[in-house]
Amino acid sequence: MSRDRALLKRALDRGEQDGGNVEFKERLSRDVHLEGGRRESLAAQLRHRLLSGDGEATYVVGVTDDGGLAGIDPDTFAETMDVLSLLAEEADAHINDVQTWGVDDGLVGIAIIQEGGVLETDDEHVVVGTAGHVDHGKSTLVGSLITGTPDDGDGATRSFLDVQPHEVERGLSADLSYAVYGFDDEGPVRVRNPNRKADRASVVEEADRLVSFVDTVGHEPWLRTTIRGLVGQKLDYGLLVVAADDGPTRTTREHLGVLLATDLPTIVAITKTDAVSDERVEEVEREVEGVLREVDKSPLRVARHGVDAAIDEIGDRVVPIVETSAITMDGLETLDELFDRLPKTSQDTGEFRMYVDRSYSVTGVGAVASGTVMSGEVEAGDELLLGPMPDGRFREVEVRSIEMHYHRVDKAQAGRIVGIALKGVKESAIDRGMVLLPRDADPNPVREFEAEVMVLNHPTRIGEGYEPVVHLETIGEAAVFSPENGRLLPGDTGETTVRFKFRPYLVEEGQKFVFREGRSKGVGTVTGVHLIE
1 MSRDRALLKR
11 ALDRGEQDGG
21 NVEFKERLSR
31 DVHLEGGRRE
41 SLAAQLRHRL
51 LSGDGEATYV
61 VGVTDDGGLA
71 GIDPDTFAET
81 MDVLSLLAEE
91 ADAHINDVQT
101 WGVDDGLVGI
111 AIIQEGGVLE
121 TDDEHVVVGT
131 AGHVDHGKST
141 LVGSLITGTP
151 DDGDGATRSF
161 LDVQPHEVER
171 GLSADLSYAV
181 YGFDDEGPVR
191 VRNPNRKADR
201 ASVVEEADRL
211 VSFVDTVGHE
221 PWLRTTIRGL
231 VGQKLDYGLL
241 VVAADDGPTR
251 TTREHLGVLL
261 ATDLPTIVAI
271 TKTDAVSDER
281 VEEVEREVEG
291 VLREVDKSPL
301 RVARHGVDAA
311 IDEIGDRVVP
321 IVETSAITMD
331 GLETLDELFD
341 RLPKTSQDTG
351 EFRMYVDRSY
361 SVTGVGAVAS
371 GTVMSGEVEA
381 GDELLLGPMP
391 DGRFREVEVR
401 SIEMHYHRVD
411 KAQAGRIVGI
421 ALKGVKESAI
431 DRGMVLLPRD
441 ADPNPVREFE
451 AEVMVLNHPT
461 RIGEGYEPVV
471 HLETIGEAAV
481 FSPENGRLLP
491 GDTGETTVRF
501 KFRPYLVEEG
511 QKFVFREGRS
521 KGVGTVTGVH
531 LIE
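The UniProt record's numbering puts the sequence shown at residues 1 to 533.
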């Protein structure tokens, strides 16, 4: 017997022993099981299972009434989960977890349903983007913050965020990671066991105020990914880390430049203060202050001036500085207080919009598009447009379900980092940089636009035909520049036409972007668009 079949058999055996809270279903369909009195009858059956299981029911799908393995095709399984979700809502419950097994040519799954409706989200949700040089302790600091667990000195709490096996093995983040903790009237609500999805989800359910982290990449080869994390998310604040044993580096300055280019209020955390003398901490703090003054920012030492001053003054000019150690936990209470009290800064304007940051496929659910809701709100069942496709067209899709940090939610508003399961599209057709919009929107794909740009760094001059990568929202695409006066020198600000080399995107006037090519970097603002005829 295969390992998958053995696991499933044990689950079925447990189900038979548990008795009253287990239900076997081969399949559920909208046409049959949601019509007439069937819907009410099945919802009543689900309520009985929940009562028998002290608020939890187990539905085994893809099996016969006596527990025999039947297996159903992925589309039928997805429809079954849709129907089961609607029945759960009617029973004031929600699907908490789904496990699937491949059986011959089909799927068998176990859905855990729990009492209580899906989470209603509110406006108390701050999103923070981290930045800083590799090995300066971004992920370790965030891992200790969300769990309240001191690091062991070898970056153990970093593993609470890293998402790829090779990242854990090498100790280097290579893609964006996400984390969350929150606050209620009694203080921080932390993740008890970050290796369990249910524990992360419980923070979303229990906290009155949420703080989500978009943890970026410090290693220079992945600067593109860092820019994507800072530009492509609807961030409220930036958290720039500088290690006390190393001090500000060229990467520190680059990441600070990206944060400032996006007008993001920023906090600097000096990490690893336990590893050096007080004199060295003071020296690094002065270096950080010098770097900030070079870009016309006013540093504010929170240890000297207090949290109240930091909250009142953080913004266009003032950058608070906090000394921290993930090992001794020094300074983390200060960060807790800041994140608990800092106001949300990003504004929600207009109808629903979400630029896709990544996509993946979930067995039994289908294609999932993940990203940050930039404006408006989205609900399960909404009909949306996805695109533009390479040919400039948009495709109609439907929202199956929404998850936020592994917690099923009924809707998501601006600023939420979510995964949206979509009906009507395969995962292979979803690309980073696409956008989700309401079905009645009238989007105009853009291949070329006008922009005002500032050249931050370039060895010579930018002329006609210059080809950097443009980072706008989650878009990261090669483009061709045509400066208005034929060239732009380092430090220059000027007008240029920008044309994507390979495909169109949704670009609108007023959007900010970063461009880079090698060590050449600059920032820009879209001033006009050329619509595709």
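Just so it is clear, CB atoms sit at the ideal spot from N, CA and C, and this is done for glycine as well. Being a predicted model, the structure only gives us computed values, none of them experimental.
Backbone secondary structure at threonine 273 - three-state DSSP: By 1-based counting over the sequence shown, the position of residue 273 is 273. Reduced to three states, the DSSP call for threonine 273 is helix.
Cutoff 6 Å; reference histidine 133; Cβ partners in own chain excluding five residues on either side: To locate residue 133, count along the sequence shown from 1; it is residue 133. Excluding the 5 residues flanking it on each side, histidine 133 has same chain C-beta neighbours closer than 6 Å at Gly218, Thr249, Thr251, Thr252, in chain order.
Option in Glu254, Glu289, His471, Ala243 with minimal Cα separation from residue 538: The structure shown has nothing for residue 538, since the chain only spans 1 to 533.
DSSP state of glycine 257 mapped onto helix, strand, coil: Here the question's residue 257 lines up with position 257 in the sequence shown. In the three-state reduction of the DSSP assignment, glycine 257 falls in the helix class.
Identified DSSP bridge partners for methionine 454: The residue you call residue 454 lines up with position 454 of the sequence shown. Looking at the DSSP output, methionine 454 sits in a beta bridge with Thr493, Val523.
Under the three-state DSSP convention, the category glycine 357 falls into: By 1-based counting over the sequence shown, the position of residue 357 is 357. The sequence shown places aspartate at residue 357, rather than the glycine named in the question. Reduced to three states, the DSSP call for aspartate 357 is strand.
Phenylalanine 77 - DSSP class collapsed to helix/strand/coil: What you label residue 77 is simply residue 77 of the sequence shown in a count that begins at 1. In the displayed model, phenylalanine 77 falls within a helix according to three-state DSSP.
Beta-carbon gap between glutamate 383 and proline 443 smaller than 9 Å: For the purposes of this step, residue 383 is identified with residue 383 of the sequence shown, where counting begins at 1. For the purposes of this step, residue 443 is identified with residue 443 of the sequence shown, where counting begins at 1. At least 9 Å separates the beta-carbon of glutamate 383 from that of proline 443.
Rounded separation between valine 211 and arginine 38 - CA only: One-based indexing of the sequence shown puts residue 211 at position 211. One-based indexing of the sequence shown puts residue 38 at position 38. The C-alpha of arginine 38 is placed about 42 Å away from the C-alpha of valine 211.
Three-state secondary structure (DSSP) of valine 295: Taking the first residue of the sequence shown as 1, we reach residue 295 at position 295. Coil.
Backbone secondary structure at glutamate 313 - three-state DSSP: Mapped onto the sequence shown, residue 313 falls at position 313. In the structure shown, glutamate 313 sits in a helix (DSSP, three-state: H, G or I).
Nearest residue (CA-CA) to arginine 30, options Val61, Thr80, Leu107: In the sequence shown, counting from the first residue as 1, residue 30 sits at position 30. Here the closest residue by C-alpha is Thr80.
Strand pairing of glutamate 379, partner residues [DSSP]: Walking along the sequence shown from the start, residue 379 turns up at place 379. Partner(s): Lys411.
Where the alpha helix (DSSP H) through glutamate 337 begins and ends: Within the sequence shown, the letter at position 337 stands for residue 337. That run of the alpha helix (DSSP H) goes 332-341.
CB contact flag (arginine 400, asparagine 96, <9 Å): Locating residue 400 in the sequence shown gives position 400, counting from the first residue. Locating residue 96 in the sequence shown gives position 96, counting from the first residue. No, the pair does not count as a contact, with Cβ atoms beyond the cut-off.
C-alpha distance - glycine 419 paired with glycine 465, whole-angstrom precision: Numbered from its first residue, the sequence shown carries residue 419 at position 419. Numbered from its first residue, the sequence shown carries residue 465 at position 465. C-alpha separation (whole angstroms): 38 Å.
Spatially closest choice to valine 446 from Arg393, Ile430, Val455, Glu285, by CA coordinates: For this step, residue 446 is matched to residue 446 along the sequence shown. It is Arg393 whose Cα lies nearest to the Cα of valine 446.
C-alpha distance - alanine 326 paired with threonine 140, whole-angstrom precision: In the sequence shown, residue 326 corresponds to position 326, counting from 1. In the sequence shown, residue 140 corresponds to position 140, counting from 1. C-alpha separation (whole angstroms): 7 Å.
Distance cut-off 8 Å: leucine 240 Cβ against heavy atoms of the ligand SAM: Looking for the ligand SAM in the displayed structure turns up nothing, as the structure carries no ligands at all.
Simplified DSSP assignment, three categories, for lysine 138: As a first step, residue 138 must be located in the sequence shown, where it is residue number 138. Helix.
Residue of Glu403, Phe449, Val241, Ile146 minimising C-alpha distance to glycine 528: On the sequence shown, residue 528 is found 528 positions in, with the first residue counted as 1. Looking at the Cα atoms, Phe449 is the closest of the given residues.
Nearest neighbour of tyrosine 59, chosen from Tyr360, Asp357, Leu42, Asp263 [CA to CA]: The residue labelled residue 59 in the question sits at position 59 within the sequence shown. Nearest in C-alpha terms to tyrosine 59, of all of Tyr360, Asp357, Leu42, Asp263, is Leu42.
Alpha carbon of aspartate 94 to alpha carbon of histidine 255, nearest angstrom: Within the sequence shown, residue 94 is the residue found at index 94, counting from 1. Within the sequence shown, residue 255 is the residue found at index 255, counting from 1. With the sequence shown as reference, residue 94 is identified as histidine, and aspartate is not the correct amino acid for it. One alpha carbon belongs to histidine 94, the other to histidine 255, and they sit about 41 Å apart.
Burial state of asparagine 485, where buried means 16 or more other Cβ atoms lie within 10 Å: In the sequence shown, counting from the first residue as 1, residue 485 sits at position 485. Asparagine 485 should be labelled exposed.
Candidates Glu517, Tyr505, Asp82, of which the one nearest glycine 433 by Cα: Counting from 1 along the sequence shown, the entry for residue 433 is found at position 433. Shortest Cα-Cα distance from glycine 433 to any of Glu517, Tyr505, Asp82 involves Tyr505.
Bridge partners - serine 370, DSSP secondary structure assignment: For this step, residue 370 is matched to residue 370 along the sequence shown. Under DSSP, serine 370 shares a beta bridge with Arg358, Gly419.
Assigned exposure category for tyrosine 360 - 16 Cβ within 10 Å defines buried: Position 360 of the sequence shown holds residue 360. In the assembly as shown, tyrosine 360 is an exposed residue. Its beta-carbon has fewer than 16 other beta-carbons within 10 Å.
Alpha-carbon to alpha-carbon, glycine 424 and phenylalanine 352: Locating residue 352 in the sequence shown gives position 352, where the first residue counts as 1. Locating residue 424 in the sequence shown gives position 424, where the first residue counts as 1. Taking the straight line joining both Cα atoms gives about 19 Å.
Start and end residues, alpha helix (DSSP H) containing serine 41: Position 41 of the sequence shown, counting from 1, holds the residue named residue 41. Segment 38-52, the alpha helix (DSSP H) holding serine 41.
Other residues of its chain near valine 470: CB distance less than 7 Å, five sequence neighbours each side excluded: The residue labelled residue 470 in the question sits at position 470 within the sequence shown. Excluding residues up to 5 positions away in sequence, Glu477, Ala479, Val498, Phe513, Phe515 lie with their Cβ nearer than 7 Å to the Cβ of valine 470 in the same chain.
Element boundaries [beta strand (DSSP E), containing valine 507]: On the sequence shown, position 507 is the one that residue 507 refers to. Where valine 507 is concerned, there is no enclosing beta strand (DSSP E), because DSSP gives it neither an H nor an E.
Neighbour-count burial assignment, leucine 235, 16 or more Cβ in a 10 Å radius: Your numbering for residue 235 matches position 235 in the sequence shown. Result: buried.
Beta-carbon proximity list for valine 365, same chain, < 8 Å, skipping 5 on both sides: By 1-based counting over the sequence shown, the position of residue 365 is 365. Same-chain partners within the cutoff: Ala78, Met81, Val98, Arg400, Ser401, Ala421.
Top-ranked residue by Cα proximity to arginine 49, from Ala91, Asp65, Ala412, Asp492: Taking the sequence shown and counting its residues from 1, the one referred to as residue 49 is at position 49. Considering only alpha carbons, the answer is Ala91.
Proximal residues to glutamate 403 (C-beta, below 6 Å), its chain only, five neighbours per side dropped: Taking the sequence shown and counting its residues from 1, the one referred to as residue 403 is at position 403. Around glutamate 403, the same chain offers Gly419 as residues with beta carbons nearer than 6 Å, after the five sequence neighbours per side are excluded.
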